[in-house]
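As structure tokens, the structure follows; a few thoughts come after it.
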Amino acid sequence: MRIACSLALVLMACGSSGGTDGGVTDGGVDASDAPDAGPPPIDLGPPDMGPPPPAWLTNARILVPGVGVTNQTCTGGMVCPHSENTDLIDFQGGIVLVHRTAISQVLNHNCSLRFYRSDDGGQTYQLMSFIDGPTTATYPMLGDRDLRDPSLFVLPDGRLAFKALVRTETNSTRDSNVDSITVEAPPTWSFWRVRQSAGMYYAAAYEDGDLSVRLFSSPDGENWTMGPEIYGVSADTPLETELVFMPSGRMLALVRVDGTTQELLGNVGRLRTIVCWATAPYTTFDCPQVLDGVRFDGPVAFFHGARLFVIAREHFIETQDRKRTTLYELGGTLEGGPLTVINHGDFPSAGDTAYAGAADIDADHVAVTWYSSDLVSDPPWARAIFGPTDIRAATIDFTHIDSP
């Protein structure tokens, strides 16, 4: 049975708080059922601790605090200690932000997705609505499930929609036995990000157990068809795969691979991202290159002019198991490869971090969000996933980023 879950939340362009108009059908989560969204987020302004941000990052600040938050109820409009999984989109003259809030990164129905809007280029955000994780009481056909990994996109009729994942509360490695459900896709497949090109929608999805990645397509962003395998070496543990369309229409797929059990934490062994390509109609993929030394966890890729950037989690081969959110640039031959990688520096980040969002402000500036543990304590990732994290925001000023 296919369940149209966590798709097509209609977020109207109004900047007011509270519920939204519209919704979804076939068992989906309907924002019109949400209660009042409550007060706007707390903007703490520039943090006064941690290393200074790079010159290309301005107005860096904590947007939604989690460090120091003691609330343990993550539904009903409440913010909990662990906020994560951000995404941004330009929509009808403003910017929309979404993120997850929960007790920790561990799968649990005590969580929610929170939606905000900015009408001043990402300088401030107002809470619009939220959606709680499904429970046996609210969605009997799903039961108690976690809700995470949202990404925003626009439907053909101009409505703003999102995809997200619902998973059983199963504690396992490699997303095994979590019964993932994404928008009208076969169960056990997790969409990463929805992209649009030439009137069609595409998403790369990874199989529960992190066994393979396949391409899905849709003419309307709601009804999806499974397509070809992008990458299927299960021993590499392939998962979150970011799709990018080149000016020619050629599709780039950046496949995160976590490797062996020893390499899963990203602090020993190999760090790799697999580079795959396809040309329309995207029926087969070729994966001719491995980017050694970088593993793009939770990536978001975007063009700024003719330059291609990726924001992703940076790993260090070390016992401390530190992580950062980092701005990378892909160079080389952007039409089919080979690609090169430039590291432009880190966002203020530590511990459990990354899963950024990016939205254009003007020709020289992009609004960004990400999440991070406390900068000063800089905890190891394996511990930080159970601890508090903040949603952070800033602006990238591309006049301070030299061309390759």
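Each residue of the sequence shown is one higher than the last, beginning at -11 in the working numbering. Ideal placement from N, C-alpha and C gives every residue a C-beta, glycine not left out.
| query | Do you know whose CA, among 361, 375 and 355, lies nearest residue 106's CA? | reply | Among 361, 375 and 355, the Cα nearest to that of residue 106 is on 355.
| request: Give a yes or no on whether the C-beta atoms belonging to residue 253 and residue 198 are separated by under 8 Å. | output: No. Outside cutoff.
| said: Restricting to Cα atoms, I'd like to know which of 50, 102, 224 and 272 is closest to residue 140. | reply: 102
| message | As an exercise, report each continuous beta strand (DSSP E) stretch of at least 3 residues that is fully enclosed by the segment 300 to 332, in chain order. | response | 311 to 320
| Closest to residue 215 by CA distance: which of 223, 174, 224 and 246 is it? | Comparing C-alpha distances from residue 215 to each of 223, 174, 224 and 246 shows the shortest one belongs to 174.
| With 16 as the cutoff for other CB atoms within 10 Å, does residue 145 come out buried or exposed? | Burial is judged here by how many other beta carbons sit within 10 angstroms of a residue's own beta carbon; residue 145 has fewer than 16 and is exposed.
| request: Compare the beta carbon distance of residue 323 and residue 297 with 8 Å and say whether it is the shorter of the two. | output: no
| field | According to DSSP, residues forming a beta bridge with residue 384 | value | 45 and 354
| task | Would you tell me roughly how many angstroms separate the C-alpha atoms of residue 18 and residue 278, rounded to the nearest one? | result | Below a pLDDT of 50, predicted positions are generally treated as unreliable, and residue 18, at 33, falls in that range; no measurement from the model is reported.
| field | Reference residue 124; option with closest CA among 116, 118, 117 and 133 | value | 133
| task | Measure the Cβ-Cβ separation of residue 53 and residue 348 and say whether it is below 8 Å. | result | no
| request: Enumerate in chain order the residues of its own chain whose CB-to-CB distance from residue 326 is below 6 Å, with the five nearest sequence positions on each side excluded. | output: 277 and 320
| task | Round the Cβ separation of residue 143 and residue 84 to the nearest angstrom and send it over; I've been treating them as touching at under 8 Å. | result | Contact doesn't hold; Cβ gap of about 14 Å is too wide.
| query | Quick one: is residue 306 buried, meaning 16 or more other Cβ sit within 10 Å of its Cβ, or exposed? | reply | exposed
| said: Measuring straight from C-alpha to C-alpha, what distance separates residue 389 and residue 291? | reply: So the alpha carbons of these two residues sit roughly 14 Å apart.
| query | If you run the structure through DSSP and keep just helix, strand and coil, what is residue 265? | reply | strand
| task | Kindly list the residues whose CB is nearer than 6 Å to the CB of residue 424, restricted to its own chain and excluding five residues on each side of it in sequence; keep chain order. | result | Given a span of -11 to 392 for the chain in the structure shown, any question on residue 424 remains unanswerable.
| Between which two residues does the beta strand (DSSP E) carrying residue 105 extend? | 99 to 106
| query | Is residue 189 closer than 8 Å to residue 205 when the C-beta atoms are compared? | reply | Yes, they are a contact pair.
| said: Applying the 10 Å Cβ sphere with the 16-neighbour rule, what's the burial state of residue 93? | reply: buried
| task | Let me know if residue 178 comes out buried or exposed under the rule of 16 or more other beta-carbons within 10 Å of its beta-carbon. | result | Residue 178 comes out buried.
| task | Take the Cβ of residue 89 as the centre, count every other Cβ of all protein chains shown within 10 Å, and call the residue buried at 16 or more, exposed below. | result | buried
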